[in-house]
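Everything in the sequence shown is counted per full-length UniProt numbering, starting at 1 for the first residue and increasing by one.
From the three backbone atoms N, C-alpha and C, an ideal C-beta is built for every residue, glycine too.
Everything on this sheet refers to the single structure shown next.
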Amino acid sequence: DAKDYSEDSSWSPPFSPLPPCTPECQLDNGFGPVAINTVATKECPAQIPGQPTQLIKRQCGPTGLWSPVADYSQCECQLDDGFGPAGVNTVATKDCPAQIPGKPTQLIKRQCGPTGLWISGTKDYSQCECQLDNGFGPSGINTVATKECPAQIPGRPTQLIKRQCGPTGLWSPVEDYSECECQLDDGFGPVGINTVATKNCPAQIPGRPPQLITRQCGPTGLWTTNTKDYSQCRELTLAYLLCCAHPICAQLTTASVLSLLTLKPPKIVRRRSPGNRHKSSLGSAGQQVFG
């Protein structure tokens with residue numbers, strides 16, 4: 001021990017083999033070590049090209065302890081996505097992607113944080129709107145704009161086309177026509193979009209399933225032009241209808257029936273025979289003869 005107990009009950013002078021130490025702040029979070037009562041620096045996390053190096057400052061106190069607060073006042077959030085540069089704890093702005101004519105400029109806002117870094121998730125589009133486009137809008141972000149379907153069904157509630165205004169003030173490219181219908185026209189409809197409407201062919205074959213004309217309702221609630229399909233229909237003659245009314249017709253194909261109807265009518269051949277000069281016969285053996 002450097003201290004001895006003397007006869008007068010007092011301590012001897014302290015023994016100090018090492019020179020007295022000089023207090024300093026030790027290395028902490030990129031600052032130091034530095035002497036007491038001095039300011040340590042390190043670079044800001046983001047630097048603005050072409051400007052002097054921006055520094056964060058921190059005070060080393062008189063007792064060798066760091067100040068708990070670092071000074072970021074020189075720091076700035078650098079240019080990013082059209083925002084900045086901007087000082088710490090400030091709000092940067094840029095124009096919304098769409099502007100409404102006649103209104104003040106609408107702005108997107110973004111917060112530069114206390115350390116010179118942009119705060120994630122702070123782009124504020126609340127001022128933005130989707131502008132008038134193809135009959136929709138103007139409309140605020142995250143809202144649904146509507147306009148009437150091109151055709152309306154009498155007696156029904158107004159049918160609407162819908163379109164979403166997105167979170168950044170830009171329209172969705174997709175318009176929703178699900179409420180729209182093709183209205184009654186020439187015996188077709190009303191039917192929903194992208195469906196096929198039907199009506200009976202002008203002539204029907206007795207005993208057969210109904211033959212139909214088809215027509216396409218398009219994706220916007222308007223009939224598609226030149227889409228009436230008569231492929232199921234046939235031009236039916238009276239003879240065809242009379243023939244098909246017979247039970248045997250059910251056993252024949254349509255082609256067979258038509259082929260029968262194209263046969264020429266039988267010739268009447270008159271022959272003289274003993275005892276009855278005026279008796280007529282069909283053919284040489286009493287049969288029908290087809291020419």
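Spanning the alpha carbons of Pro104 and Thr53 requires a straight line of approximately 37 Å. Within the same chain, Cys112 come within 7 Å of Thr90 by CB-CB distance, once the 5 residues on both sides are set aside. The Cβ atoms of Leu55 and Thr41 lie closer than 8 Å to each other.
Between Trp171 and Cys180, the C-beta gap is not smaller than 8 Å, which leaves the two residues out of contact. Secondary structure of Lys103 (DSSP, three-state): coil. Three or more Cβ pairs closer than 8 Å define a contact, and the segment 214-227 meets that threshold against the segment 189-197. If you compare the alpha carbons of Gly187, Leu184, Thr168, Gln159 with that of Ser178, the shortest gap goes to Gln159. Rounded to the nearest angstrom, the gap between the Cα atoms of Pro101 and Cys44 is 41 Å.
In this model, Ala98 and Asp186 are separated by some 44 Å (Cα to Cα). With contacts defined by Cβ atoms closer than 8 Å, Tyr72 and Pro114 form a contacting pair. Under the three-state reduction of DSSP, Asn200 is assigned to strand.
Secondary structure of Ser231 (DSSP, three-state): coil. For Thr63, no pairing in a beta bridge is given by DSSP.
In this structure, the alpha-carbon of Ile141 lies about 6 Å from that of Glu129. Residue ranges of uninterrupted beta strand (DSSP E) with 3 or more members, entirely inside the segment 64-100 and ordered along the chain, are 91-95.
Our two residues, Cys201 and Gln232, have alpha carbons roughly 8 Å apart in a direct line.
In the DSSP annotation of this structure, the continuous segment of the beta strand (DSSP E) that includes Gln164 starts and ends at 160-165. Inter-residue distance for Pro49 and Glu76 is about 11 Å (C-alpha atoms, whole angstroms). Ala40: member of the beta strand (DSSP E) spanning 38-43, first to last residue. Looking at the DSSP output, Cys217 sits in a beta bridge with Trp223. The criterion of a C-beta distance shorter than 8 Å is satisfied by Thr227 and Arg215. By the C-beta density criterion, Arg58 is buried, having at least 16 other C-beta atoms within 10 angstroms.
The closest CA to that of Asp124, considering only Ile213, Ala92, Pro23, Pro157, is found on Ala92. According to DSSP, residue pairing for Asp186 in a beta bridge does not occur.
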